[in-house]
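Per this note's numbering, the very first residue in the sequence shown carries number 105; after that it's consecutive. The beta carbon of each residue, even a glycine, is placed where N, CA and C say it ideally should be. Since we're looking at a predicted model, the values are computed, not measured.
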Amino acid sequence: MSDFEEKVREALASPQNQGELADADAVGTVGSPDCGDMLRMWLKFTEKDGKRVIDRASFQSFGCQTAIAVASMATELLKGKTAEEARELSANELTGDLGPLPPMKIHCGQLVEGALKNALDQTSTPAPATAPVGNTLSQEMQKPAGKIRIVPID
Ligand code: FES
Numbered sequence: 105m106s107d108f109e110e111k112v113r114e115a116l117a118s119p120q121n122q123g124e125l126a127d128a129d130a131v132g133t134v135g136s137p138d139c140g141d142m143l144r145m146w147l148k149f150t151e152k153d154g155k156r157v158i159d160r161a162s163f164q165s166f167g168c169q170t171a172i173a174v175a176s177m178a179t180e181l182l183k184g185k186t187a188e189e190a191r192e193l194s195a196n197e198l199t200g201d202l203g204p205l206p207p208m209k210i211h212c213g214q215l216v217e218g219a220l221k222n223a224l225d226q227t228s229t230p231a232p233a234t235a236p237v238g239n240t241l242s243q244e245m246q247k248p249a250g251k252i253r254i255v256p257i258d
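If you want it as C-alpha cells, here you go:
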C-alpha cells in the first residue's frame, strides 16, 4: 500500500466533521460528471479579532474514499480562515496531511474544492442558499431531479 493510500485509510478510520451543520451560513453542493460522485459542504462563520472567519465546516459525500478523506482534512483546515483565504486554497492544499493527490485522484480533491467554492459563492451574495440548509444530501437525492444545484467540475 502506498504512503498516500495508508494516509487515506487512516483518515477514513475517523473522518472529521461528517454530517450537516443545521445552523450553517452557507452550503455548497457539487457533482462530478466524470465519476458521478457528489459532495456537499456546510460553512458556519464567526467573528474573531474583527474578522469574519470560518468557525466550523462539515460535509456529506456520496463519493469515493479519497473525496471523503480530503473533505475530512479540508473541513479541519478551514477553521479560522476568512472566506478570501479559503477561496485561495487549491485542491492539493485542501488535502492537508494526505499530501499531494496522485494524478488519478486529482478530481476527487477538486470535488471538495468545488463544494467549498460553491458554498463561498453563497456567502458573497445575499441570495438564499440554493440547497436548503438542514436537508441531508440523501434527502435531496431522493427529490425529483432539478432540486440539487450541480456544479460541473472542470
Ligand atoms: Fe469520484 Fe473520487 S472517484 S470523487
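Would you decide whether residue i is buried or exposed? Buried here means 16 or more other CB atoms lie within 10 Å of its CB.
{"i": "Asp-127", "result": "exposed"}
{"i": "Asp-141", "result": "buried"}
{"i": "Ser-165", "result": "buried"}
{"i": "Arg-144", "result": "buried"}
Quick check on this structure: which residue in the options has the alpha carbon closest to the alpha carbon of residue i?
{"i": "Cys-139", "options": "Ala-171, Thr-186, Gly-123, Ser-228", "result": "Ala-171"}
{"i": "Phe-163", "options": "Glu-197, Gly-132, Glu-188, Gln-122", "result": "Gln-122"}
{"i": "Thr-227", "options": "Trp-146, Gly-184, Leu-116", "result": "Trp-146"}
{"i": "Cys-168", "options": "Asp-225, Val-131, Val-216, Met-105", "result": "Val-216"}
{"i": "Glu-189", "options": "Gly-203, Leu-202, Pro-207, Leu-220", "result": "Leu-220"}
{"i": "Asp-129", "options": "Lys-148, Pro-137, Leu-116, Asp-153", "result": "Lys-148"}
Skipping 5 residues on each side, what residues in its chain have a beta carbon closer than 7 Å to that of residue i?
{"i": "Lys-264", "result": "Here the chain has residues from 105 to 258 only, and residue 264 is not among them."}
{"i": "Thr-199", "result": "Val-174, Met-177, Leu-205, Gly-213"}
Give me, in chain order, the residues of the same chain whose beta-carbon lies closer than 6 Å to that of residue i; leave out the 5 immediate sequence neighbours on both sides.
{"i": "Arg-191", "result": "Leu-224"}
Give a single yes or no on whether residue i has its beta carbon closer than 6 Å to a heavy atom of the ligand ADP.
{"i": "Thr-170", "result": "Inclusion of the ligand ADP in the displayed structure is not the case, the ligand content consisting of the ligand FES alone."}
Leaving out five residues before and five after residue i in sequence, what residues of the same chain have Cβ atoms less than 8 Å from its Cβ?
{"i": "Ala-195", "result": "Val-174, Leu-205, Ile-210, Gly-213, Gln-214, Val-216, Glu-217"}
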